[in-house]
Amino acid sequence: KLTLLHKYNFPEELFACLSQLQKNPNPRDPPLYLMKDVENLLKQYNYEKDKKTWIKERQDKIIKLNIENEQYNTLHDQVRYDHTERLERLLRKLHDFYSNNRVY
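And the structure:
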């Protein structure tokens with residue numbers, strides 16, 4: 001994230017407009033993005049006149065894509081794995097969720 005902010009002068013508000021690569025097994029690892037996606041997004045952003053509207057549309061598109069991916073992954077988990085494996089995956093997801101959302 002810091003590399004993108006400093007090296008590419010990447011605006012902070014555009015991170016919500018990028019789709020992440022597969023989530024890392026360790027929730028403490030930073031999210032990963034394809035550099036081609038970053039470069040294309042910056043080009044589109046710099047080309048747009050109404051940046052706020054464009055950012056909102058891109059964020060909505062990414063949110064919708066993430067929901068579709070999560071639905072697909074859930075369906076895939078239900079069909080592919082047996083009961084024990086499903087339980088293990090569910091516990092891992094709960095662990096990841098609570099590890100990322102700790103209140104200090």
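Be aware that the sequence shown starts at 1, since it is given in UniProt numbering, and climbs by one per residue.
We put the beta carbon where it would ideally sit given N, CA and C, even for glycine.
Residue i vs residue j beta-carbon contact at 7 Å
i     : j     : result
Leu32 : Leu42 : no
Cys17 : Gln59 : yes
Ile62 : Ser19 : yes
Asp77 : Arg89 : yes
C-alpha gap between residue i and residue j, whole angstroms
i     : j      : result
Leu65 : Thr74  : 14 Å
Tyr51 : Val38  : In the sequence as presented, Tyr is not what sits at residue 51; that position holds Lys. Roughly 16 Å between the two C-alpha positions.
Pro11 : Leu4   : 9 Å
Thr53 : Asp29  : 31 Å
Glu68 : Asn101 : 22 Å
Tyr8  : His83  : 46 Å
Asp96 : Asn40  : 31 Å
Phe46 : Glu13  : Inspection of the sequence shows that residue 46 is occupied by Asn rather than by Phe. C-alpha separation (whole angstroms): 13 Å.
Arg86 : Val79  : 10 Å
Tyr81 : Lys49  : 48 Å
Tyr98 : Lys36  : 32 Å
Asn26 : Leu94  : 13 Å
Opening and closing residue of the alpha helix (DSSP H) in which residue i lies
i     : result
Asn46 : Met35 to Tyr47
Gln71 : Lys51 to Arg80
Glu88 : His83 to Asn100
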